[in-house]
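Student: Just passing along the structure, written as structure tokens.
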Amino acid sequence: MLLVSACLAGLKVRYDGGDCLHHTIEQLVSQNKATTVCPEVLGGLPTPRIPAEIIGGDGEDVLNGKAKVIDKSGNDVTDAFLQGAYQTLEIARELNVTHVILKENSPSCGSGMIYDGQFQGVKKVGKGVTAALLERNGMIVATDENIDDIIEYIEKQ
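The sequence shown maps to residues 1 to 157 in UniProt numbering.
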């Protein structure tokens, strides 16, 4: 079983109320080979919501208490991001998930790149809060940008 970002399956859970539909993900979900999660929604944030970025580091730093997740209006939403990450981890453990495909650039789900915290559309190397937590717990986290490689790898197992 794969765990995937809900927005990649076409669910309208992004901060702007939209999705990032990836047809391969949609197909995996419809075949019951993948389960969807949106850590931000699991953390209690509404859809749509004010965009948020990590200030002072990346998801690893948030988990270590050294950075915060702040929305564009200046509200500290760190607790919601942490709650969603831990709920996602719980779901992954219940399903015995080993591989996760998450939406790149997200402050929750980015596994290689996130926005730099200035709300100017600039990206930096780093992990989102959920991606960092899942990796800490031994899961292989992939991005929607290398989905074909991860699916090929999983199918060979």
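Just so you know, even glycine gets a beta-carbon here, dropped at the ideal spot from N, CA and C.
As the structure is a prediction and not an experimental result, all values here were calculated from the model.
1) Relative to the C-alpha of A80, which residue among L95, R49, G117 is closest?
2) Looking at the structure shown, is H22 part of a helix, part of a strand, or coil, going by DSSP?
3) I'd like to check one pair, L2 with V100: are the Cβ atoms closer than 8 Å?
4) Taking the continuous beta strand (DSSP E) assigned at T78, which residues delimit it?
5) Nearest to V125 by alpha carbon, out of G10, I54, K33?
6) Rounding to the nearest angstrom, what Cα-Cα distance links I25 and G65 in this structure?
7) Apart from the five residues just before and just after V13, which ones in its own chain have a Cβ nearer than 8 Å to its Cβ?
8) Counting only the same chain and skipping the five closest in sequence on each side, list residues whose C-beta sits under 8 Å from that of A142.
9) Using a 10 Å radius around the Cβ and a threshold of 16 neighbouring Cβ atoms, would you call H23 buried or exposed?
10) Using a Cβ-Cβ cutoff of less than 6 Å, which residues in the same chain neighbour G84 once the five nearest sequence positions on both sides are dropped?
Tutor: On the basis of the supplied data:
1) For this step, residue 80 is matched to residue 80 along the sequence shown. Looking at the Cα atoms, R49 is the closest of the given residues.
2) For the purposes of this step, residue 22 is identified with residue 22 of the sequence shown, where counting begins at 1. Of the three classes helix, strand and coil, the one that applies to H22 here is coil, per DSSP.
3) To locate residue 100, count along the sequence shown from 1; it is residue 100. To locate residue 2, count along the sequence shown from 1; it is residue 2. Contact flag set, yes.
4) Numbered from its first residue, the sequence shown carries residue 78 at position 78. From DSSP, T78 is part of no beta strand (DSSP E) but of the alpha helix (DSSP H) over 78-94.
5) For the purposes of this step, residue 125 is identified with residue 125 of the sequence shown, where counting begins at 1. Measuring from the Cα of V125, the nearest candidate turns out to be I54.
6) As a first step, residue 25 is located in the sequence shown; it is residue number 25 there, counting from the start. As a first step, residue 65 is located in the sequence shown; it is residue number 65 there, counting from the start. Those two C-alpha atoms are separated by around 33 Å.
7) The residue you call residue 13 lines up with position 13 of the sequence shown. Excluding residues within five positions, the ones whose Cβ falls inside 8 Å are A6, C7, D19, C38, E40, V41, T47.
8) Along the sequence shown, one-based indexing puts residue 142 at 142. Hits under 8 Å: H99, V100, I101, L102, S111, D149, I150.
9) Locating residue 23 in the sequence shown gives position 23, where the first residue counts as 1. Exposed, since its Cβ has fewer than 16 Cβ neighbours within 10 Å.
10) Counting from 1 along the sequence shown, the entry for residue 84 is found at position 84. P39, E40, L42, G43.
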